[in-house]
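Numbering (our numbering), first residue to last: 6 to 198. Each residue gets a CB set at the ideal place from its N, CA and C atoms; glycine is no exception. Here the structure is laid out as structure tokens; the discussion comes afterwards.
Structure, rendered in structure tokens:
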């Protein structure tokens with residue numbers, strides 16, 4: 006069971022120049038990536054699924070889904086076909102292999118951090134951030150044993166000076182809020198690598 010697809014599957018009947026594969030623009034990808042026509046209704050677009058739960062073939066199938074041994078849907082709070090199509094579209098628009106949709110920026114920041122960090126690990130962050138992020142990094146994350154080194158982002162060398170062998174990632178906003186400071190992302194990326 007899978008609703009995942011790519012733009013080539015959706016538009017495979019559209020030939021390109023001289024019979025080769027067709028290159029699709031960002032608008033086509035934004036509208037069609039990740040979707041396939043509904044086999045029952047023929048609807049071109051994925052509907053907004055409002056169900057909370059899904060049918061299992063049997064108890065073994067349910068166990069495989071809950072144990073993440075097979076792809077499928079269990080409960081809409083975790084994911085559903087509408088969210089899967091959205092994630093696939095974002096992945097294709099960004100040229101990535103996958104994407105994860107989160108309900109908020111804080112949730113996205115937590116998901117990124119928890120996938121990289123363990124208790125005792127550290128990260129470096131610009132001190133020029135949205136206030137909620139400063140609280141999340143400076144108050145909430147330390148409760149998980151994660152240490153944040155806040156630095157002045159106007160000089161990329163501050164990120165390098167804060168680097169330790171426990172640092173797992175660097176966090177900053179391309180245009181810092183507050184202040185509108187435009188960061189040297191290329192130099193900060195070099196330091197991170």
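Whole-angstrom distance between residue 42 and residue 15, CA atom to CA atom = Numbered from its first residue, the chain shown carries residue 15 at position 10. Numbered from its first residue, the chain shown carries residue 42 at position 37. Reliability of the predicted coordinates at residue 15 is poor, the pLDDT of 48 falling under 50, and no value is obtained from them.
Three CB pairs or more closer than 8 Å across the region 163-177 and the region 126-133 | Under the three-pair Cβ rule at 8 Å, the region 163-177 counts as touching the region 126-133.
Under the rule that 16 or more other beta-carbon atoms within 10 Å means buried, what is residue 83, buried or exposed?
-> The residue you call residue 83 lines up with position 78 of the chain shown. When all chains shown are included, residue 83 counts as exposed.
Going along the chain, which residues of its own chain have a beta-carbon closer than 6 Å to the beta-carbon of residue 53, five neighbours each way excluded?
-> Counted from its first residue, the chain shown places residue 53 at position 48. For residue 53, the CB contacts under 6 Å within the same chain, skipping 5 residues up- and downstream, are 87 in chain order.
In whole angstroms, what is the alpha-carbon distance linking residue 105 and residue 113?
-> Position 100 of the chain shown, counted from the start, is the residue given in the question as residue 105. Position 108 of the chain shown, counted from the start, is the residue given in the question as residue 113. Taking the straight line from one Cα to the other gives about 8 Å.
Quickly, what does DSSP pair residue 127 with across the bridge? List them, please.
-> One-based indexing of the chain shown puts residue 127 at position 122. Answer is 152 and 172.
Runs of alpha helix (DSSP H) lying entirely within the region 35-113, each at least 4 residues, in chain order = If we require 4 residues or more, the alpha helix (DSSP H) runs fully inside the region 35-113 come out as 64-71 and 86-99.
Which of the three DSSP states, helix, strand or coil, is assigned to residue 186?
-> For the purposes of this step, residue 186 is identified with residue 181 of the chain shown, where counting begins at 1. Here residue 186 carries a coil assignment [DSSP, helix/strand/coil].
For the region 147-163 and the region 185-197, state whether three or more C-beta atom pairs, one from each stretch, are separated by less than 8 Å.
-> Flag = yes, the region 147-163 and the region 185-197 touch.
Pull up the CB-CB distance for residue 81 and residue 56, whole angstroms please, since I reckon it's below 8 Å.
-> Mapped onto the chain shown, residue 81 falls at position 76. Mapped onto the chain shown, residue 56 falls at position 51. The C-beta separation of residue 81 from residue 56 comes to about 6 Å, placing the pair in contact by the 8 Å criterion.
Are there 16 or more other CB atoms within 10 angstroms of the CB of residue 183, so buried, or fewer, so exposed?
-> Here residue 183 corresponds to residue number 178 of the chain shown, with the count starting at 1. Per the 10 Å Cβ criterion, exposed.
Could you tell me which of 168, 95, 134 and 153 sits nearest to residue 197, measuring between CA atoms?
-> Taking the chain shown and counting its residues from 1, the one referred to as residue 197 is at position 192. It is 168.
Kindly identify the DSSP beta-bridge partner or partners of residue 180.
-> Here residue 180 refers to the residue found at position 175 when the chain shown is read from its first residue. Residue pairing by DSSP places residue 180 opposite 187 in a beta bridge.
Three-pair Cβ contact test at 8 Å for the region 92-109 versus the region 138-149 = Cβ pair count under 8 Å is below three, so no.
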